[in-house]
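2 protein chains.
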Amino acid sequence: MTVTLADVAARAQVSPATVSRVLNGNYPVAAPTRERVLRAVDELDYVLNGPASALAAATSDLVGILVNDIADPFFGITASAIQAEIGGAGGRAGGERLAVVCNTGGSPERELKYLTLLQRQRAAAVVLTGGAVVDAPHAAAVAAKLRKLGETGTRVVLCGRPPVPDTGAVALTFDNRGGARAATGHLLGLGHRRLGCVAGPPERTTTRHRLAGHRAALAAAGVEEDPRWTVYGRFDRRSGYEGASELLRRDPSLTAVVAANDSVAVGVCAAVRDLGLRIPEDVSVTGFDDLPFSLDVVPGLTTVRIPLAEAGARAGRIAMGREEAPAGGVGEIGGELVVRGSTGAPRAS
Amino acid sequence: MTVTLADVAARAQVSPATVSRVLNGNYPVAAPTRERVLRAVDELDYVLNGPASALAAATSDLVGILVNDIADPFFGITASAIQAEIGGAGGRAGGERLAVVCNTGGSPERELKYLTLLQRQRAAAVVLTGGAVVDAPHAAAVAAKLRKLGETGTRVVLCGRPPVPDTGAVALTFDNRGGARAATGHLLGLGHRRLGCVAGPPERTTTRHRLAGHRAALAAAGVEEDPRWTVYGRFDRRSGYEGASELLRRDPSLTAVVAANDSVAVGVCAAVRDLGLRIPEDVSVTGFDDLPFSLDVVPGLTTVRIPLAEAGARAGRIAMGREEAPAGGVGEIGGELVVRGSTGAPRAS
DNA sequence: CTGTTAGCGCCTTCAC
DNA sequence: GTGAAGGCGCTAACAG
Chain A
416 MTVTLADVAA
426 RAQVSPATVS
436 RVLNGNYPVA
446 APTRERVLRA
456 VDELDYVLNG
466 PASALAAATS
476 DLVGILVNDI
486 ADPFFGITAS
496 AIQAEIGGAG
506 GRAGGERLAV
516 VCNTGGSPER
526 ELKYLTLLQR
536 QRAAAVVLTG
546 GAVVDAPHAA
556 AVAAKLRKLG
566 ETGTRVVLCG
576 RPPVPDTGAV
586 ALTFDNRGGA
596 RAATGHLLGL
606 GHRRLGCVAG
616 PPERTTTRHR
626 LAGHRAALAA
636 AGVEEDPRWT
646 VYGRFDRRSG
656 YEGASELLRR
666 DPSLTAVVAA
676 NDSVAVGVCA
686 AVRDLGLRIP
696 EDVSVTGFDD
706 LPFSLDVVPG
716 LTTVRIPLAE
726 AGARAGRIAM
736 GREEAPAGGV
746 GEIGGELVVR
756 GSTGAPRAS
Chain B
416 MTVTLADVAA
426 RAQVSPATVS
436 RVLNGNYPVA
446 APTRERVLRA
456 VDELDYVLNG
466 PASALAAATS
476 DLVGILVNDI
486 ADPFFGITAS
496 AIQAEIGGAG
506 GRAGGERLAV
516 VCNTGGSPER
526 ELKYLTLLQR
536 QRAAAVVLTG
546 GAVVDAPHAA
556 AVAAKLRKLG
566 ETGTRVVLCG
576 RPPVPDTGAV
586 ALTFDNRGGA
596 RAATGHLLGL
606 GHRRLGCVAG
616 PPERTTTRHR
626 LAGHRAALAA
636 AGVEEDPRWT
646 VYGRFDRRSG
656 YEGASELLRR
666 DPSLTAVVAA
676 NDSVAVGVCA
686 AVRDLGLRIP
696 EDVSVTGFDD
706 LPFSLDVVPG
716 LTTVRIPLAE
726 AGARAGRIAM
736 GREEAPAGGV
746 GEIGGELVVR
756 GSTGAPRAS
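Taken in order, these protein sequences are the chains called A and B.
Every position in the first sequence, counted from 1, becomes a number in my numbering once 415 is added.
Every position in the second sequence, counted from 1, becomes a number in my numbering once 415 is added.
Structural data, given as structure tokens:
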């Protein structure tokens, strides 16, 4: 029914082994023979059977990219960059790898599920992007999976995610702490002393680290934080809207709001405006990530740029073995404060 | 080295076939036996070998989702919805399917490549999203691939993409024409008579259809179009910026600009503002898609909402055989004009 | 309900 | 440089 490698061999009048060799190109084959085989492949419209190939070779061309939320440009941009480095070439059969992105939706179970599925497929590599969940049992389960993946020859790279020791996984981390410190430092430098914070989900490392940076900046400036000044939410616009509304209800004297990321910041801006306040005259707002839309909201968002595309490209290359892993298996990628119109001096109280 | 199904069988003191049966759950197995097997699986930390399974069963749990640009929220939102319907359950082994998104980057070659890769993996289903390229040879190649995929048991669904006849592929199309007609009609209703258009890539169906709708509206209102009023570009912000700059250079008397989509519209707005013009007092702007950020730009974008999440969910269900395909294999999804602040009456010339 | 028996299609030593 | 043969790990008829 379906045409197999044997059919191609018959038509090209060579052995199946030879066909396999020209297809995989890992072995010397005489030019005329190769020609003949390639022609037969073309004429028969032959397509290699991936599963059979993977079974025999004990490895596949699949590369998995795990993201927390594919609808979020943060992950879209990262995934796009990773994938561009991988989809290119270099696989076993025909020089092609199937880079696929898997959307965990932020759910630990789905994350584990995908990892298992990828392990089951004998993936060539796996790249996990974005913050991790700090829950100990889950972290242990993930660590175990990653270790096992590594043992069975799957290269594991973490991008924008903290390292997982003793798993052989290479990590490219983002300096969330430093970036947050810079953003809050900028606000403090402008004279703000009453800063609200709409943080992300409390269980994610990204949230923890950004919050830590924020607090470090406050502490360094000798500003004592009021517990009412922090609310947690998700990494989306809506959380920003609700968070800021709550914050300003609790303490209308706040003069600035630090948001978990740009999407949240945009929601914060909307809430601030709906309260009849101006940005930045009445309330300054900062974001994080510098996604494309941050330039177009009005006023432009002061934020911390993370070079997502570069980081993703690098992670992709490491996953393909085309770039050396950073020393110690961990490399940190810095953020850069970008000052735009959403921040200014605090209003005279 | 790695633990196989036979190992599990030995430990559970049953035959490999029985283990396979409890794992796939498509066959009656006595409860105590199942228990024993499951325990053995757990104790041995066994993971099914996907390739071997796919080879033997001649089908896999992989479902491919092709997108033109994963960094674009349009595709991210769609993919997320599709994937949520697929990743859930219903696969062969353990009730799980591996929904993966493949980023073609808008390249016809990559599209074909991914289709081949997916065919090679014996994917259970493939969903192609977004506009197609009209180039005849490529269209024929894609049609041939889709037909072949269908023949080998892969379900093919098109989402937001025109039908491909005689391939067995189910299509869910977006009413780009009608939506564009509504947007331009809205502008005409406000009194505009000199409308620029920053279209998308000329070779994409989406561009063609939206442009057709725009022109139909103009024709219906008896407005004759000046050839200088249309420029083509990509579906991104930058194209919008450049396109609008060019348009207003060519004809400064334009009072409105229709953009290919929301990202482009945002770029158009930036260009208009950089020219010292106000929106909508001097120039009205419309987008298309109603992506989340369209609400946050200032003024809010008048646009055509496409229910991406609903469409994606439906496509996902059809791909999984959990929802019936529309009659004739083609279903159209309508768009809805959303009027916000970016459109208003034309300035008095 | 469970065991036995054949392959699924390809890769990879070995010989030549 | 090329052919022959065995097995990768699992599933799918058949029997029983």
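C-beta: ideal position from N, C-alpha, C; glycine also.
Close to Val700 of chain A, with beta-carbon spacing below 8 Å, lies no residue of chain B; the smallest spacing is near 12 Å. Within the stretch 505-546 of chain A, the alpha helix (DSSP H) runs of at least 4 residues that lie entirely inside it are, in chain order, 523-535. Under the DSSP assignment, Val673 of chain A falls outside any alpha helix (DSSP H), being part of the beta strand (DSSP E) whose first and last residues are 671-674. Counting only runs of at least 4 residues, the stretch 546-633 of chain A fully encloses the following alpha helix (DSSP H) elements, listed from N- to C-terminal order: 551-566, 591-605.
With contacts defined by Cβ atoms closer than 8 Å, Thr758 of chain A and Leu605 of chain A form a contacting pair. The C-beta of Asn518 of chain A has 16 or more other C-beta atoms within 10 Å across all chains shown, which makes the residue buried.
Asn591 of chain A is positioned such that its CB atom lies closer than 8 Å to that of Arg625 of chain A.
Nearest neighbour of Val418 of chain A by Cα position, chosen from B:Arg609, B:Thr567, B:Leu663, B:Gly746, turns out to be B:Thr567.
In this structure the stretch 606-616 of chain B touches the stretch 673-688 of chain B; the number of beta carbon pairs closer than 8 Å is three or more.
Excluding the 5 residues flanking it on each side, Arg688 of chain A has same chain C-beta neighbours closer than 8 Å at Ile694, in chain order. When C-beta atoms of the stretch 699-711 of chain B are compared with those of the stretch 551-560 of chain B, fewer than three pairs fall below 8 Å, so the two segments do not count as touching.
Going by C-alpha positions, Ala514 of chain B is about 19 Å away from Val462 of chain B. The residue among B:Arg525, B:Ile497, B:Val542 with its C-alpha nearest the C-alpha of Gly520 of chain A is B:Ile497. Assigned with DSSP and collapsed to three states, Leu481 of chain A falls in strand. Taking a cut-off of 8 Å for Cβ pairs, the stretch 742-761 of chain A and the stretch 442-451 of chain B do not touch, as fewer than three such pairs fall below it. Here the C-alpha atom of Leu453 of chain B lies approximately 13 Å from the C-alpha atom of Ala425 of chain B. Residues of chain B whose Cβ lies closer than 8 Å to the Cβ of Thr417 of chain A are, in chain order, Thr567. In this structure, Ala486 of chain B and Ile721 of chain A do not form a Cβ contact; the two beta carbons are roughly 14 Å apart against a cut-off of 8 Å. Annotation: Leu543 of chain A to Asp641 of chain B spans about 51 Å, alpha carbon to alpha carbon. Only residues of its own chain outside the window of five on either side were considered, and among them Val548, His553 have a CB closer than 6 Å to the CB of Pro523 of chain A, listed in chain order. Residue-level contact check: Cys517 of chain A touches chain B, since one or more beta carbons of chain B fall below 8 Å from its beta carbon. Within chain B, the C-beta atoms nearer than 7 Å to that of Pro707 of chain A come from Arg652, in chain order. Sequence-ordered contacts of the stretch 657-686 of chain B with chain A read Ser678, Val681, Gly682, Cys684, Ala685 [C-beta pairs closer than 9 Å]. Listed by position along chain A, the residues whose Cβ is nearer than 7 Å to that of Val462 of chain B are Thr531, Gln534, Arg535. With the rule of 3 Cβ pairs closer than 8 Å, the stretch 739-748 of chain A does not count as touching the stretch 629-636 of chain A. Boundaries of the alpha helix (DSSP H) around Ile501 of chain A: 488-502.
The C-beta of Pro523 of chain A comes no closer than 8 Å to any C-beta of chain B. Between Asp677 of chain B and Gly702 of chain B, the beta carbon gap of about 4 Å places them in contact (Cβ cut-off 8 Å). Ala728 of chain A and Arg665 of chain A have their C-alpha atoms some 43 Å from each other. In terms of beta-carbon proximity, Val541 of chain A stays away from the interface with chain B, with every pair separated by 8 Å or more. DSSP places Thr448 of chain A inside the alpha helix (DSSP H), whose first and last residues are 446-459.
According to DSSP, Glu747 of chain B shares a beta bridge with B:Thr588. Excluding the 5 residues flanking it on each side, Gly594 of chain A has same chain C-beta neighbours closer than 6 Å at Val719, Gly750, in chain order. By the neighbour-count criterion, in which 16 or more other beta carbons inside 10 Å mark a residue as buried, Arg525 of chain A falls on the buried side.
Interface with chain B (8 Å Cβ-Cβ cutoff): Ala555 of chain A is excluded. In the three-state reduction of the DSSP assignment, Ser757 of chain B falls in the coil class, being assigned neither a helical nor a strand state.
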